[in-house]
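**Q** Here you go, one structure.
Chains as they are written, first to last, in the numbering used here: chain S, 1 to 117; chain W, 1001 to 1173.
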């Protein structure tokens, strides 16, 4: 996870819409290449190229079963993206939690000042 | 490029939106965003402290800050204010920065958009303030736009199934 190059590659890999559609399809389970080609109507060489990229960044894994090669989604590979998106959200959510606390403190202070008057 | 075949995806950059209701009058929430000392009190995740902050709150002015993580790591960032309509709306450009105020890339993702356009609106109703912040990449390159859509937009656009797989993996520990 600490390897920056890998992280960078995963972001790039999912930036391609066709590759995201392949990942989505594989989220349903292990599938052979021709199933992906048939379902998404992409060209076979394109699918092979995408699968190679996805495999290189660890987003899918492959195993041979007789004549077929079955591709499977590797959920673990998505973690850097998940972490980053979560970071962005949690950055703001936590900031706004603090803003909420801060506003409450200000209002309490205001009230106690009023009472003193 | 292959995605040219898919015009729907081409224009798919969606805004990232966070909404929050505060039990405080709008004027107070506005001050918390627009006065340096007040902004320093809350901006940044839990445990972070803002060690440096320079604010010039006017259109064209900027807020340049440095925050320190609980582990002591420094992170510089910058807002450049574009539009200010008190006490309703602030439009600004949000980016990572260095100490000199120059723009820098996201430390984890070199293809993350260099600049994000952020619109914050403050709406008051019944003594409560609804805050809405929207972000989108500013003049992104093709690569930046795709990274933003992929990492963020993609999550909301129906590759949730993919992320469920991740959730399952994480749950297994």
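Cβ atoms here follow ideal geometry from the backbone N, Cα and C, with glycine treated the same way.
Report yes or no: do three or more beta-carbon pairs, one from the region 1137-1151 of chain W and one from the region 40-50 of chain S, lie closer than 8 Å?
**A** The region 1137-1151 of chain W is not in contact with the region 40-50 of chain S.
**Q** Give the residues of chain W in contact with residue 44(S), contact being defined as C-beta atoms less than 9 Å apart.
**A** What residue 44(S) touches in chain W: nothing, since even the nearest Cβ is about 14 Å away.
**Q** Can you give me the Cβ contacts of residue 1042(W) inside the same chain, cut-off strictly under 7 Å, excluding the 5 residues immediately before and after it?
**A** The answer, listed in chain order, is 1032.
**Q** Please tell me whether residue 95(S) and residue 1044(W) are closer than 8 Å, where the distance is taken between their beta carbons.
**A** Going by C-beta atoms, residue 95(S) is nearer than 8 Å to residue 1044(W).
**Q** Taking only runs of the beta strand (DSSP E) that begin and end inside the region 1053-1104 of chain W, which ones reach a length of at least 3 residues, in chain order?
**A** Runs of the beta strand (DSSP E) inside the region 1053-1104 of chain W: 1062-1068, 1074-1085 and 1089-1097.
**Q** Using a beta-carbon distance below 8 Å, is residue 1128(W) in contact with chain S?
**A** No, its Cβ sits nowhere closer than 8 Å to a Cβ of chain S.
**Q** Under 7 Å, CB to CB, which of the residues in the region 98-114 of chain S have a partner in chain W?
**A** So the close ones are 98, 99, 100, 102, 103, 106 and 107.
**Q** Under a CB-based cut-off of 8 Å, is residue 95(S) close to chain W?
**A** Cβ-Cβ to chain W under 8 Å: yes for residue 95(S).
**Q** Can you list, in chain order, the residues of its chain whose CB lies under 7 Å from that of residue 1080(W), leaving out five sequence neighbours each side?
**A** Here the set comprises 1062, 1092 and 1093.
**Q** So, residue 1036(W) versus residue 1049(W), is the Cβ gap smaller than 8 Å?
**A** Going by C-beta atoms, residue 1036(W) is not nearer than 8 Å to residue 1049(W).
**Q** If the cut-off is 9 Å on Cβ atoms, which residues from the region 1056-1088 of chain W count as contacting chain S, listed in chain order?
**A** So nothing in the stretch comes that close.
**Q** What span of residues does the alpha helix (DSSP H) with residue 33(S) cover, start to end?
**A** Residue 33(S) -> alpha helix (DSSP H) spans 33-40.
**Q** From the DSSP secondary-structure annotation, give me the bridge partner or partners of residue 1026(W).
**A** Paired residue(s): none; residue 1026(W) is not in a bridge.
**Q** Can you name, in chain order, every residue of its own chain whose Cβ lies under 6 Å from the Cβ of residue 30(S), other than the five neighbours on each side?
**A** Excluding sequence neighbours, residue 30(S) sits near 70 and 72.
**Q** Is the CB of residue 65(S) under 8 Å away from at least one CB in chain W?
**A** Not one chain W Cβ lies under 8 Å of residue 65(S).
**Q** With DSSP collapsed to three states, give me the class of residue 45(S).
**A** Looking at residue 45(S) - three-state DSSP - the assignment turns out to be helix.
**Q** By the DSSP assignment, the beta strand (DSSP E) with residue 1137(W) in it spans what residues?
**A** Residues 1128-1137.
**Q** Using beta carbons (cut-off 8 Å, strictly below), is residue 1173(W) in contact with chain S?
**A** In this prediction, residue 1173(W) has a pLDDT of 43, which is less than 50 and means its spatial position is unreliable; what the coordinates show is noted afterwards. By this cut-off, residue 1173(W) is not an interface position.
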